[in-house]
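What follows is a set of notes on a single structure, which appears directly below.
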Amino acid sequence: MKISPSILDADFLHLQGEVDSIGNADRIHLDIMDGKYVPSTTIRASDLLNIAFPIETEAHLMCDNPETFFKEFVDLGVKGITFHIENTGEKEALRLLKELKEKGIRGGICIDGYTEPDTLSDDVLHTAGQILVMSVKAGKGGQSFMTESLDKIMTLRERGYEGEIEVDGGINLDNVKLLREAGADIVVVGSFVMKKPTEERCKVIEKFQKV
Ligand code: DX5
Ligand code: ZN
């Protein structure tokens, strides 16, 4: 399984060391919250300009009007940008996915923990460069894994979606195998990696990659 550690709960006073400590992962996941779609607010791209990321990054926008954040993250150099269908609806989602594709960015569509996969039309499935299935309600790290996400992944595969499925929230070494079997390609892991001491993180990441 590929792994994209989330730096949502990282130590932002020592962020360079934090990202260096997870340099053997497949990607680094940047959770962006605007205080509107979810109550919390987080970093913006401007807070990351001095960080040298050791591996590619992706931005997960939990924000109203997600397109207003595109430019700053494209300029930061992210390879993927994911936004929520709950924020855009179908028509706008299709437009934004195409816009990201034209910019050479992997455009992902996310369904929140309480959203059903049939919210995503076949058109959206055909256009999305990635689907992000949340296995918690968006908004904070450290929540419990929602097992419903396993059925959602299987439903998307049964509908013929062959692109990348990423899963985000409450993931640990006990449930990652179930996610693999359901058809996920990559997991976002926050607290299970970032609450470990820096020197232990690479080993934990390797364990995910062996599943
Ligand atoms: C939640 C974020 C997640 C979260 C994952 O809104 O999108 O990426 O930080 O953290 P854990 O693994 O602790 O659930
Ligand atoms: Zn996330």
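Okay, so the sequence shown: first residue is 0 according to numbering that gives the first Met the number 0, each after it adds one.
For each residue, glycine too, the CB sits at the ideal point set by N, CA and C.
Please read these numbers as outputs of a predicted model, since none were measured by experiment.
Pick helix, strand or coil for Leu-29, following the three-state DSSP scheme.
Position 30 of the sequence shown, counted from the start, is the residue given in the question as residue 29. Three-state DSSP puts Leu-29 in a strand.
For Phe-144, does the three-state DSSP call read helix, strand or coil?
For the purposes of this step, residue 144 is taken as the residue at position 145 of the sequence shown. Three-state result, Phe-144: coil.
Any heavy atom of the ligand DX5 within a distance shorter than 7 Å of the CB on Met-145?
As a position in the sequence shown, residue 145 is number 146, starting the count at 1. Incorrect: Met-145 has no Cβ contact closer than 7 Å to the ligand DX5.
With DSSP collapsed to three states, give me the class of Pro-38.
Numbered from 1 along the sequence shown, position 39 holds the residue referred to as residue 38. Coil, per DSSP.
Tell whether a beta-carbon distance below 8 Å holds between Glu-57 and Gly-79.
On the sequence shown, residue 57 is found 58 positions in, with the first residue counted as 1. On the sequence shown, residue 79 is found 80 positions in, with the first residue counted as 1. For Glu-57 and Gly-79, yes; Cβs fall inside 8 Å.
Could you tell me whether the segment 64-77 touches the segment 167-180, using the rule of 3 or more Cβ pairs below 8 Å?
The segment 64-77 is not in contact with the segment 167-180.
Would you identify the three-state DSSP class for Glu-205, choosing helix, strand or coil?
Within the sequence shown, residue 205 is the residue found at index 206, counting from 1. Here Glu-205 sits in helix by DSSP.
Can you name, in chain order, every residue of its own chain whose Cβ lies under 6 Å from the Cβ of Ser-5, other than the five neighbours on each side?
Along the sequence shown, read from residue 1 onward, the residue named residue 5 stands at position 6. Within the same chain, Ser-5 has close Cβ partners His-28, Asp-30, Val-187, Gly-189.
Just to check my reading of the structure: Ile-54 and Gly-103 have Cβ atoms closer than 8 Å, yes? What is that Cβ distance to the nearest angstrom?
The residue given as residue 54 occupies position 55 in the sequence shown. The residue given as residue 103 occupies position 104 in the sequence shown. 18 Å between Cβ atoms; not a contact.
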